[in-house]
Amino acid sequence: MSEIHFRTCPLCEAMCGLRFEIDEGRIISIRGDSENAFSRGHICPKGPELKNLHEDPDRLKRPIKRVGDQWVPVSWTEALSDIARRVVEIQQRSGHDAVAFYAGNPTVHNYGSMLFGDRFSKALKTKNRFSATSVDQLPHQLLSYLMFGHQLMIPIPDIDHTNYFLIIGGNPFASNGSLMTVPDVKKRLKAIQERGGRYVVIDPRRTETAEHASEHVFIRPGTDAFLLLAFVNTLFQKNLIRKTGLYTENDLSTLKTLAAEFALDRVEKVTGVPASTIERLVDEFTQAKGAVCYGRVGVSMQAFGSICQWLINCINILTGNIDVRGGAMFTLPAVDMVDPNSAMGGARGSFNRYRSRVRALPEFSEELPVSVLAEEILTPGEGQVRALFTTAGNPVLSTPNGRQLEKAISQLELMVSFDIYVNETTRHAHYILPPTSTLEHDHYDLIFNVFAVRNTAYYSRPIFEPEEGSLHDYEIFADLTKRIELVRSNKALPDNLVKTRMTPAAFIDHALKAGPYGESGPRAMGMSLELLQKSPHGVDLGPLEPCLPARLCTDDKKIRLVPDELLADFDRLKKSFQAAALSQDTSEQDASLLLIGRRHLRNNNSWMHNLPKLMAGKNRCTVMIHPDDAQALGIHEEDAVTVESDVATITLPAEISDGIMKGVVSIPHGFGHHRPGTALNVATKFPGASINDLTSDRQLDEFSGNAAFSAIKVRLSRGG
Ligand SMILES: Nc1nc2c(c(=O)[nH]1)N[C@H]1C(S)=C(S)[C@@H](COP(=O)(O)OP(=O)(O)OC[C@H]3O[C@@H](n4cnc5c(=O)[nH]c(N)nc54)[C@H](O)[C@@H]3O)O[C@H]1N2
Ligand SMILES: Nc1nc2c(c(=O)[nH]1)N[C@H]1C(S)=C(S)[C@@H](COP(=O)(O)OP(=O)(O)OC[C@H]3O[C@@H](n4cnc5c(=O)[nH]c(N)nc54)[C@H](O)[C@@H]3O)O[C@H]1N2
Ligand code: SF4
Ligand SMILES: [Mo]
Numbered sequence: 001m002s003e004i005h006f007r008t009c010p011l012c013e014a015m016c017g018l019r020f021e022i023d024e025g026r027i028i029s030i031r032g033d034s035e036n037a038f039s040r041g042h043i044c045p046k047g048p049e050l051k052n053l054h055e056d057p058d059r060l061k062r063p064i065k066r067v068g069d070q071w072v073p074v075s076w077t078e079a080l081s082d083i084a085r086r087v088v089e090i091q092q093r094s095g096h097d098a099v100a101f102y103a104g105n106p107t108v109h110n111y112g113s114m115l116f117g118d119r120f121s122k123a124l125k126t127k128n129r130f131s132a133t134s135v136d137q138l139p140h141q142l143l144s145y146l147m148f149g150h151q152l153m154i155p156i157p158d159i160d161h162t163n164y165f166l167i168i169g170g171n172p173f174a175s176n177g178s179l180m181t182v183p184d185v186k187k188r189l190k191a192i193q194e195r196g197g198r199y200v201v202i203d204p205r206r207t208e209t210a211e212h213a214s215e216h217v218f219i220r221p222g223t224d225a226f227l228l229l230a231f232v233n234t235l236f237q238k239n240l241i242r243k244t245g246l247y248t249e250n251d252l253s254t255l256k257t258l259a260a261e262f263a264l265d266r267v268e269k270v271t272g273v274p275a276s277t278i279e280r281l282v283d284e285f286t287q288a289k290g291a292v293c294y295g296r297v298g299v300s301m302q303a304f305g306s307i308c309q310w311l312i313n314c315i316n317i318l319t320g321n322i323d324v325r326g327g328a329m330f331t332l333p334a335v336d337m338v339d340p341n342s343a344m345g346g347a348r349g350s351f352n353r354y355r356s357r358v359r360a361l362p363e364f365s366e367e368l369p370v371s372v373l374a375e376e377i378l379t380p381g382e383g384q385v386r387a388l389f390t391t392a393g394n395p396v397l398s399t400p401n402g403r404q405l406e407k408a409i410s411q412l413e414l415m416v417s418f419d420i421y422v423n424e425t426t427r428h429a430h431y432i433l434p435p436t437s438t439l440e441h442d443h444y445d446l447i448f449n450v451f452a453v454r455n456t457a458y459y460s461r462p463i464f465e466p467e468e469g470s471l472h473d474y475e476i477f478a479d480l481t482k483r484i485e486l487v488r489s490n491k492a493l494p495d496n497l498v499k500t501r502m503t504p505a506a507f508i509d510h511a512l513k514a515g516p517y518g519e520s521g522p523r524a525m526g527m528s529l530e531l532l533q534k535s536p537h538g539v540d541l542g543p544l545e546p547c548l549p550a551r552l553c554t555d556d557k558k559i560r561l562v563p564d565e566l567l568a569d570f571d572r573l574k575k576s577f578q579a580a581a582l583s584q585d586t587s588e589q590d591a592s593l594l595l596i597g598r599r600h601l602r603n604n605n606s607w608m609h610n611l612p613k614l615m616a617g618k619n620r621c622t623v624m625i626h627p628d629d630a631q632a633l634g635i636h637e638e639d640a641v642t643v644e645s646d647v648a649t650i651t652l653p654a655e656i657s658d659g660i661m662k663g664v665v666s667i668p669h670g671f672g673h674h675r676p677g678t679a680l681n682v683a684t685k686f687p688g689a690s691i692n693d694l695t696s697d698r699q700l701d702e703f704s705g706n707a708a709f710s711a712i713k714v715r716l717s718r719g720g
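Numbering (UniProt numbering), first residue to last: 1 to 720.
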């Protein structure tokens, strides 16, 4: 007799409920759970692949140590003791900052790793803490911190009630939504159209999302800030501002002055978006009952990522679409990560309290931009990084100028990776510490509930008992934190593992009971771990509700419409606008094409290319190019093409498509599995090439330090 188990999928942000059929310890099937309170049966092709991920023969289960070119098994306590001794020795010799820490994306999908990894990295007392945040959503968090007073007060599109959804630089059909946790986004976007509304996509590529949109508008990569300023300017010019008491008049008039320089005709020239289109979009947006502007990685991974996110917030605020049904709203999750008085709500964020050693880039929330990691390792001097921990990350493929980082990490005195694979990054480690499979541990989505389009709560139980002798991420972190503490105080190290009394589940139980739906919160209903354990399809906590100004974390309970810190960045923007306008005026044409990224439903950043079913079909690691550009360069479909940036060259096949704007080319990230020593038997058969060999650690949103992956200048030529 087979058994049925339920849990949510940890692979992307959508939190789909899954139904597992298990027979004698083997997975028979994984389907969408049609009764799940949030996802209602939705699933994508990656969900069922949790079976093959769990059973992947390349998945590591025991710690290994690199001896020359060989990996040898080692016991947990031997590995953890040696690491603890070496970390303390390096820090005593070279200072705390000599040890760096990088946390990759799946950390956020594993609450044990998130909670205990954070504690561990803070116990290292190093300034050199990094994460995938600074190659992704740093501008969102920074602007939420500056405008609303809390890095996690991210405005979420009220997709189920809006009548006008303006999507800039996001492709939820491929990504399943981001900073907008929304299972079955296709159905929900279609529902907008069915109720007479519109959804409009602004993107240099006619993406899968754009194909089905009410309208798609091409834009020249990296120019969105100018478009958004023209939008704001038009709101002022046409008296379309809907005032609320949420911000000061002073800020409003500053914003008016700043935007005034961005006239529609000049912006048209720079962005490629016709002035009449911008005007019409403004009219449609302001006339709709419930409209929301939303921008994702396409507008945060660019030179003006922070200004883009600021202006997107401004558009929602100025048109009266913040904190109202159908606009941009804030969540009230069962574990409240925002309210400073709640169990988990303390970390409002911080900015620019210190800077990186070599290039002086600013701190955000006790992290530095990962674009400086390589130079912090390569540049001699006091504070030089000599040891690195990575957890759930693959920065060689996912951060800019990956080859430079590779060179850097191959010189480290000590590198330790928490990972389930020997990948392009972890192959350089001295130790790899593999945690249990995701199906062997429990999970509660601390973060994605903060971004969800509806308030819900779900607790995922493990499907399988952990294998004998394996450890969860949190147990490894807890042991190592303790061991380092013992070495620091000259105490003997134990031969057995140091168990932690506090488990992630106990933590969550406390936070749920103390939270808004717990024992005495504003929506008290007895929320607890026990209640969730009895609810295999999750608990629905209702639609997003207005909550301002009470929930604002600013001192005066006002939105800071124009943060002072950001004003300083405005000169850089004006200069860039003038330069762009000038180059459009002169007939002199640059031979460069502008490179952007691309996501595909079957990829997941760098790490699911080892699953055969997801790799079936056409090669997806191609350079997409417009037919006119291809013709001018004599490039034909599937020709090998060399792509050259100022940093490096790579070769990959051409894919000719009129779905990409003329002058723009696109390459997906996460490929480049040809590197020797990568132990991924399927992925290495589909190696592709890494876009991040081409991207530059110097190309940034200088305000936040976020990597600017969009609008990289490249030159193409036929041949490999
Ligand atoms: N299948 C799949 N799903 C994923 C992931 C994955 O790798 N694969 N990754 C997950 C992660 S970590 C994240 S952060 C999210 C990201 O979620 P999304 O932001 O929705 O991801 P993308 O599909 O990369 O969409 C970015 C869009 O921006 C466009 N773009 C690029 N440059 C510019 C520009 O200069 N201006 C404008 N206006 N648009 C631009 C691109 O053409 C692309 O369509 O997806 C998550 N979900
Ligand atoms: N050019 C370009 N570069 C990009 C992007 C882009 O759009 N364009 N997107 C960026 C974005 S949005 C992101 S988020 C980053 C992602 O960048 P990273 O987070 O650095 O890379 P991932 O590919 O997500 O690597 C995840 C690693 O975690 C491991 N892993 C999975 N689950 C677990 C677990 O439970 N525990 C542990 N210990 N390990 C686990 C996997 O084996 C894999 O090695 O890439 C960024 N890089
Ligand atoms: S959409 Fe995301 S959460 Fe849902 S099944 Fe696919 S990968 Fe998993
Ligand atoms: Mo991401």
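Note that the Cβ used here is the ideal one computed from N, Cα and C, for glycine as well.
P204 is a Cβ neighbour of M661, given a cutoff of 7 Å. When DSSP assignments are scanned along the segment 340-416, the uninterrupted stretches of beta strand (DSSP E) that are 3 or more residues long and fall wholly within it turn out to be 351-355, 362-364, 387-391. For D23, the beta-bridge partners assigned by DSSP are R26. T133 carries a helical assignment under DSSP once its states are collapsed to helix, strand and coil. In this structure, T271 lies away from R206, with their beta-carbon atoms at least 7 Å apart. Excluding residues up to 5 positions away in sequence, V200 lie with their Cβ nearer than 6 Å to the Cβ of E215 in the same chain. According to the DSSP assignment, P139 belongs to the alpha helix (DSSP H) that extends over 138-148. Relative to ligand 1, R488 has its C-beta separated by 6 Å or more from all heavy atoms. Rounded to whole angstroms, the gap between the alpha carbons of G538 and F570 is 45 Å.
Bounds of the beta strand (DSSP E) holding N455 are 454-457. Rounded to whole angstroms, Q141 and S306 show a C-alpha spacing of 9 Å. Residue state for Y102 is assigned as strand, using DSSP reduced to three classes.
Taking 3 residues as the minimum length, the beta strand (DSSP E) runs contained wholly in the segment 597-650 are 623-625, 640-644, in order along the chain. Within the DSSP bridge table, the entry for Y444 names Y459 as partners. E424 is not a Cβ neighbour of V385, given a cutoff of 7 Å. Within the chosen limit of 6 Å, ligand 1 does not reach the beta carbon of V74 with any heavy atom.
Following the DSSP letters along the chain, one finds V72 in no alpha helix (DSSP H) but inside the beta strand (DSSP E) bounded by residues 70-73.
Exclusion of the five residues before and after D224 leaves I168, G169, I202, T271, G295, G298, V299, Q302, F304, C308 as the residues of its chain whose Cβ lies within less than 8 Å of its Cβ.
Under DSSP, D540 forms a beta bridge with T456.
At a Cβ-Cβ threshold of 7 Å, I463 and H42 do not count as neighbours.
The residues I64, in chain order, have a CB closer than 6 Å to that of W71 in the same chain once the five nearest residues on each side in sequence are set aside. Residue state for L700 is assigned as strand, using DSSP reduced to three classes. The closest CA to that of M1, considering only E24, P10, L11, is found on E24. H161 sits close to G290, with the two beta carbons spaced by under 7 Å. Secondary-structure assignment with DSSP links V67 through a beta bridge to Q70. Residues A374, I377, L378 of the same chain have their beta carbon placed closer than 6 Å to that of A408, with the five preceding and five following residues left out of the count. Note on geometry: alpha-carbon atoms of L311 and I317 lie some 9 Å from one another.
Only residues of its own chain outside the window of five on either side were considered, and among them A334, R523, A524, M525, M527, L541 have a CB closer than 7 Å to the CB of Y517, listed in chain order.
In this structure, N239 and F262 do not form a Cβ contact; the two beta carbons are roughly 17 Å apart against a cut-off of 8 Å.
Residues V498 of the same chain have their beta carbon placed closer than 6 Å to that of K482, with the five preceding and five following residues left out of the count.
Non-local C-beta neighbours of C44 in its own chain, meaning closer than 7 Å and more than five positions away in sequence, comprise N176, L601, ordered along the chain. In the three-state reduction of the DSSP assignment, M329 falls in the strand class, which pools E and B.
Under the DSSP assignment, K51 falls in the alpha helix (DSSP H) whose first and last residues are 50-55.
Distance from the C-beta of K46 to the nearest heavy atom of ligand 3 is below 6 Å. Within the segment 209-253, the runs of alpha helix (DSSP H) at least 4 residues long that lie entirely inside it are, in chain order, 224-237. In this structure, L179 keeps its C-beta atom at 7 Å or more from the C-beta atom of M337.
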